[in-house]
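Peer 1:
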Amino acid sequence: MARVEYTEPSSIEEVLGVLDQQGDDAKILAGGQSLLVLLRDGLIHPRVLVGLQGVPGLDQITANGELHVGAMATHTAVQTHPDVRARWALLAQAEAAVSAPQIRNRGTLVGNVAHAFPTADPPAALIALGAQVRLRSSVGERTLPIEEFFVGFMQTALEPTELVTEVLIPAQPAGALGAYLKYAMRPLDFSIVGVGARVVLAADGTCSEARIGLNGAGPIPARAHRAEAALWGRRLASDSDAIDTAAEAAASDSEPVGDIDGSAEYKRKMVRVFVRRALQQALAGAPAG
Numbered sequence: 450m451a452r453v454e455y456t457e458p459s460s461i462e463e464v465l466g467v468l469d470q471q472g473d474d475a476k477i478l479a480g481g482q483s484l485l486v487l488l489r490d491g492l493i494h495p496r497v498l499v500g501l502q503g504v505p506g507l508d509q510i511t512a513n514g515e516l517h518v519g520a521m522a523t524h525t526a527v528q529t530h531p532d533v534r535a536r537w538a539l540l541a542q543a544e545a546a547v548s549a550p551q552i553r554n555r556g557t558l559v560g561n562v563a564h565a566f567p568t569a570d571p572p573a574a575l576i577a578l579g580a581q582v583r584l585r586s587s588v589g590e591r592t593l594p595i596e597e598f599f600v601g602f603m604q605t606a607l608e609p610t611e612l613v614t615e616v617l618i619p620a621q622p623a624g625a626l627g628a629y630l631k632y633a634m635r636p637l638d639f640s641i642v643g644v645g646a647r648v649v650l651a652a653d654g655t656c657s658e659a660r661i662g663l664n665g666a667g668p669i670p671a672r673a674h675r676a677e678a679a680l681w682g683r684r685l686a687s688d689s690d691a692i693d694t695a696a697e698a699a700a701s702d703s704e705p706v707g708d709i710d711g712s713a714e715y716k717r718k719m720v721r722v723f724v725r726r727a728l729q730q731a732l733a734g735a736p737a738g
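Just so we're aligned, residue 450 is where the sequence shown starts under the working numbering, counting upward by one.
Here it is as structure tokens:
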């Protein structure tokens, strides 16, 4: 492995300066749980690693109407934060599903999102919650819906001179219910299929909003638009047909890749099963926020 330089700036401005100078030759190091594996396996070849440990404030988690999760906030910090557990419980469920405690204690939510593993747990929940990703460069800032951030297998809309500074999640409306479920060979593994489901029920019990995020159903974490449409306007507590239709639509629209964990058709069946289960669990009263 070629020698890699390490630098640890003390401000976001310094980080962005390094990215301006190095471009594609620089990689951001947050918790390192994804990056160091890619480096070890020879899948990336940076000249410079830019550590964020010296930048103050990036580990903050704040809830001022919407939830702000900084680039250095660990999975454990997000999972156990009282505001997250009370108001964005769907995210706490997904964070609890991430690998082992040692990984959750070091790895960061933003780093997980930035590496765009299609079978990682948090993205499906973030899609279901309507999350956005904030990107900053030396010339400005932009915010993208998270489903637009993922553009290809382990590829994102992040430019070489940009830093993901935080993930933002809007306040969840009254009547929001949600659940995250994963299917994996072992609890510590990446999901074979992961489903984040959130529905909003009006006072009369009809579904006024639905969002479903999928992991493992294709080359990128994806939103199941047609499945969501099957739920709108339906009284889901007494309408199992709507849930079955949504699950079938999600499976039909998924594009999983067959591998050692199962064939593409098998994974489609698991999408169908786990979309149905996630919706049923959500409707049983698990709060989305």
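By construction, the Cβ of each residue, glycine as well, lies at the ideal position given by its N, Cα and C atoms.
(1) DSSP three-state call for E615: helix, strand or coil?
(2) What are the boundary residues of the beta strand (DSSP E) that G601 is part of?
(3) Of the choices G643, S687, L607 and S657, whose alpha-carbon is the least far from that of A673?
(4) For A625 and L650, what's the separation of their Cα atoms in angstroms?
(5) Name the two residues that bound the continuous beta strand (DSSP E) containing E658.
(6) On a CA-only basis, which of A573, Q604, A678 and Q621 is nearest I641? Give me that one, please.
(7) Using the C-alpha atoms, what's the distance from W681 back to S548?
(8) Distance, Cα to Cα, L612 vs A535?
(9) Run through DSSP, which three-state label would E454 get?
(10) Mind checking whether E454 and V497 have CB atoms under 7 Å apart?
(11) Please list the segments of the alpha helix (DSSP H) lying wholly inside the region 677-712, counting only runs of 4 or more residues, in order along the chain.
(12) Along the chain, where does the alpha helix (DSSP H) containing G417 start, and where does it finish?
(13) May I have the straight-line CA-CA distance separating L488 from A512, to the nearest angstrom?
(14) With H, G and I counted as helix, E and B as strand and the rest as coil, what does DSSP make of L540?
(15) Only counting the same chain, and skipping five residues up and downstream in sequence, which positions put a Cβ closer than 7 Å to that of A606?
(16) With contact counted as at least three CB pairs below 8 Å, one residue from each stretch, are the region 559-567 and the region 516-535 in contact?
Peer 2: On the basis of the supplied data:
(1) For this step, residue 615 is matched to residue 166 along the sequence shown. Here DSSP, grouped into helix, strand and coil, assigns E615 to strand.
(2) In the sequence shown, the residue the question calls residue 601 occupies position 152. Per DSSP, G601 belongs to the beta strand (DSSP E) from F599 to G601.
(3) Here residue 673 refers to the residue found at position 224 when the sequence shown is read from its first residue. Per the Cα distances, G643.
(4) Indexing the sequence shown from 1 puts residue 625 at position 176. Indexing the sequence shown from 1 puts residue 650 at position 201. Those two C-alpha atoms are separated by around 7 Å.
(5) Here residue 658 refers to the residue found at position 209 when the sequence shown is read from its first residue. It spans C656 to N664 - the beta strand (DSSP E) in which E658 sits, taken as one unbroken run.
(6) Mapped onto the sequence shown, residue 641 falls at position 192. If we check each option's Cα against that of I641, A573 comes out closest.
(7) Walking along the sequence shown from the start, residue 548 turns up at place 99. Walking along the sequence shown from the start, residue 681 turns up at place 232. Cα to Cα, the separation comes out at about 34 Å.
(8) Taking the sequence shown and counting its residues from 1, the one referred to as residue 612 is at position 163. Taking the sequence shown and counting its residues from 1, the one referred to as residue 535 is at position 86. Rounded to whole angstroms, L612 to A535 spans 29 Å at the Cα level.
(9) In the sequence shown, the residue the question calls residue 454 occupies position 5. Correct three-state label for E454: strand.
(10) Within the sequence shown, numbered from 1, the residue matching residue 454 stands at position 5. Within the sequence shown, numbered from 1, the residue matching residue 497 stands at position 48. Yes, the pair counts as a contact, with Cβ atoms nearer than the cut-off.
(11) 689-702
(12) The shown model of the chain, from 450 to 738, leaves out residue 417, and the question about it has no answer.
(13) As a working note, residue 488 is residue 39 in the sequence shown. As a working note, residue 512 is residue 63 in the sequence shown. Looking at the two C-alpha atoms, the distance is approximately 34 Å.
(14) Counting from one through the sequence shown, the residue named residue 540 turns up at place 91. DSSP places L540 in helix when its eight states are reduced to three.
(15) Along the sequence shown, one-based indexing puts residue 606 at 157. Result list for A606: L593, E597, F598 and V600, in chain order.
(16) Yes, the region 559-567 touches the region 516-535.
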